[in-house]
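Novice: Below is a structure I'd like to ask you about.
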Amino acid sequence: MNLSTPHALQPFWDLTLSAVRADALRIALEWKLFDLLQVPTSAHLIARQLELDPANTGFWLEALWSMDLLQRDERQPPLYRNTPVASDYLRSDATDYCGDAWTFRLRGMRRFGNQLGEQVRAGQPDSQPTDMTTTIDNWTAAARLQIAQEQRAVTVDVALRLTALIPEFSQARRLLDLGGGPGLVAIALVRDNPLLSGEVFDFEKTVEVAAANIQRAGLEQRLSVRGGNLASDPIGDGYDVIWCSSVLHFVPDLPATLAKIHAALRPGGVLISAHAEIPADPEHAQRVMPYYLSMQMLGRHVTEAGGLSDALQQAGFSHIDSYPEVAFAVAPVSVLVARRSAS
Ligand SMILES: C[S@@+](CC[C@H](N)C(=O)[O-])C[C@H]1O[C@@H](n2cnc3c(N)ncnc32)[C@H](O)[C@@H]1O
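Per numbering that gives the first Met the number 0, the very first residue in the sequence shown carries number 0; after that it's consecutive.
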């Protein structure tokens, strides 16, 4: 064994260190540090601008430098500036700003982590009624902020790259973005394909966020919204393409929903499903499981690798192409491109 070979416990020490890194980034976002570091700036000036302790500001900036969020020059003391990732995604006036979404994720993981023991011990209380109004309000707030940020920074690009791989997409006329939240995926796909028009479906209140985004994009002639509950309301029919990402976890009856999606496609139509599944090996599973553990404990559908493909086949889909590890916000998803047969 080489002297620098990490100890077997190192991955678990790393867990404790990542808590400090997360806080270094959390306060940087809270204090809009990256807005100040588009131009090379000293720790001393940052401390003055944000009314901080100068010496500890220096250590904090060094920590962010060690996380590849800041570059520093050779001067002593150095000047710091944003790395490309900080400039592109963490500066509050960047087009693809993702800081609120990241902070939301951190808070959610910590809240869940803090009550993990209790949940493992006692389970989810059966008597807890699902308050639909609160659920819909939460989705609507998410559509305005964190889902919109992640769609802009991540999902839209994935959707464009995936649809470029699907031969049917260039000829498609009618699109459904099912559970589309702010609708930015539908907006990007319709912009990408001049033949395409369609609908964004989500809860009535949530889909108002999409309607406002469609109007802002000037696409009212080609995109409309349809409000309702996927579990009980019609989603339309005759679609050539249905995009559905990170939605199926939340439906009460997965086989019934898949049958409904199948029926909503025209014969020969294509479903693009992007949903996390639990990989069969620990190396891949550890990238997915922490994010989906809370959903598993709430009784949501989080299938094991291959489970969703089986369910799609049972619902009548055929010719299923599989992209098992597609980079998505927070954790990879498994993308399945599934067809309703032409006859
Ligand atoms: C995790 S978000 C995913 C949003 C979007 N598809 C994306 O990948 O960015 C889940 C979306 O599904 C919607 N949703 C969940 N259950 C639904 C239901 N029963 N009826 C309609 N929409 C639902 C939520 O309102 C939310 O917009």
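For each residue, glycine too, the CB sits at the ideal point set by N, CA and C.
Tell me whether Trp138 counts as near ligand 1, meaning its Cβ is closer than 6 angstroms to at least one heavy atom of that ligand.
Specialist: The residue you call residue 138 lines up with position 139 of the sequence shown. Yes; taking the cut-off as 6 angstroms, the Cβ of Trp138 has a heavy atom of ligand 1 nearer than that.
Novice: Are Val329 and Tyr291 close, meaning C-beta to C-beta below 7 angstroms?
Specialist: The residue given as residue 329 occupies position 330 in the sequence shown. The residue given as residue 291 occupies position 292 in the sequence shown. Result no, Cβ atoms of Val329 and Tyr291 do not sit closer than 7 angstroms.
Novice: Under the criterion of a Cβ to heavy atom distance below 6 angstroms, does Val325 qualify as lining ligand 1?
Specialist: As a working mapping, residue 325 is identified with position 326 in the sequence shown. Incorrect: Val325 has no Cβ contact closer than 6 angstroms to ligand 1.
Novice: What are the boundary residues of the beta strand (DSSP E) that Ser272 is part of?
Specialist: As a position in the sequence shown, residue 272 is number 273, starting the count at 1. Run containing Ser272: 264 to 274, per the beta strand (DSSP E) assignment.
Novice: In angstroms with no decimal places, state the Cα-to-Cα distance between Asp72 and Arg80.
Specialist: To locate residue 72, count along the sequence shown from 1; it is residue 73. To locate residue 80, count along the sequence shown from 1; it is residue 81. For Asp72 and Arg80, the distance between alpha carbons rounds to 9 angstroms.
Novice: Taking 6 angstroms as the line, does the beta carbon of Leu234 fall inside it for any heavy atom of ligand 1?
Specialist: As a working note, residue 234 is residue 235 in the sequence shown. Going by the sequence as given, residue 234 is Ile instead of Leu. Incorrect: Ile234 has no Cβ contact closer than 6 angstroms to ligand 1.
Novice: Which of the three DSSP states is assigned to Asn81 in this structure?
Specialist: Here residue 81 refers to the residue found at position 82 when the sequence shown is read from its first residue. Reduced to three states, the DSSP call for Asn81 is strand.
Novice: Is it right to say Val38 is buried, meaning 16 or more other beta carbons lie within 10 angstroms of its own, or is it exposed?
Specialist: The residue you call residue 38 lines up with position 39 of the sequence shown. With fewer than 16 Cβ atoms within 10 Å of its Cβ, Val38 is classed as exposed.
Novice: Determine the direct distance from the alpha carbon of Thr82 to that of Asp309, and round the result to whole angstroms.
Specialist: Sequence index remark: in the sequence shown, residue 309 carries index 310 (1-based). Sequence index remark: in the sequence shown, residue 82 carries index 83 (1-based). Asp309 and Thr82: Cα-Cα distance of roughly 43 angstroms.
Novice: Report the three-state DSSP secondary structure of Phe202 (helix, strand or coil).
Specialist: If you number the sequence shown from 1, residue 202 lands on position 203. The answer is coil: DSSP assigns Phe202 none of H, G, I, E or B.
Novice: Can you give me the start and stop residues for the alpha helix (DSSP H) that Tyr291 sits inside?
Specialist: If you number the sequence shown from 1, residue 291 lands on position 292. 281 to 296 is the extent of the alpha helix (DSSP H) around Tyr291.
Novice: Kindly indicate which residue of Ala54, Pro5, Tyr88, Gln75 has the alpha-carbon position closest to the one of Leu24.
Specialist: Working through the sequence shown from its first residue, we reach residue 24 at position 25. Nearest of Ala54, Pro5, Tyr88, Gln75 to Leu24, Cα basis: Tyr88.
Novice: Classify Pro331 as buried or exposed, calling it buried when 16 or more other Cβ atoms lie within 10 Å of its own Cβ.
Specialist: For the purposes of this step, residue 331 is taken as the residue at position 332 of the sequence shown. With 16 or more Cβ atoms within 10 Å of its Cβ, Pro331 is classed as buried.
Novice: Taking the straight line between their C-alpha atoms, what separation do you get for Leu36 and Trp12?
Specialist: As a position in the sequence shown, residue 36 is number 37, starting the count at 1. As a position in the sequence shown, residue 12 is number 13, starting the count at 1. Those two C-alpha atoms are separated by around 31 angstroms.
Novice: Take the Cβ of Ile26 as the centre, count every other Cβ of all protein chains shown within 10 Å, and call the residue buried at 16 or more, exposed below.
Specialist: Indexing the sequence shown from 1 puts residue 26 at position 27. Burial call: exposed.
Novice: In terms of residues, what are the limits of the beta strand (DSSP E) holding Glu324?
Specialist: Taking the sequence shown and counting its residues from 1, one reaches residue 324 at position 325. Note, Glu324: beta strand (DSSP E), 317 to 325.
Novice: Between the beta-carbon of Ile241 and the beta-carbon of Leu175, is there less than 7 angstroms?
Specialist: Indexing the sequence shown from 1 puts residue 241 at position 242. Indexing the sequence shown from 1 puts residue 175 at position 176. Yes, these two residues count as a Cβ contact at 7 angstroms.
Novice: Give me whichever residues DSSP pairs with Asp176 in a beta bridge.
Specialist: What you label residue 176 is simply residue 177 of the sequence shown in a count that begins at 1. Val199, Trp242, per the DSSP bridge assignment.
Novice: Output the residues surrounding ligand 1, defined as those with a CB atom closer than 6 angstroms to any ligand heavy atom, in chain order.
Specialist: For ligand 1, the selected residues are Trp138, Ala142, Ile146, Gln150, Thr154, Gly178, Gly179, Gly180, Asp201, Phe202, Thr205, Asn228, Leu229, Ala230, Ser244, Ser245, Val246, Phe249, Val250.
Novice: Helix or strand or just coil, what does DSSP make of Gly112?
Specialist: Looking up residue 112 in the sequence shown gives position 113. It is helical.
Novice: Measure the C-alpha to C-alpha separation of Thr139 and Leu2 and round it to an integer number of angstroms.
Specialist: Counted from its first residue, the sequence shown places residue 139 at position 140. Counted from its first residue, the sequence shown places residue 2 at position 3. The alpha-carbon atoms of Thr139 and Leu2 are separated by roughly 53 angstroms.
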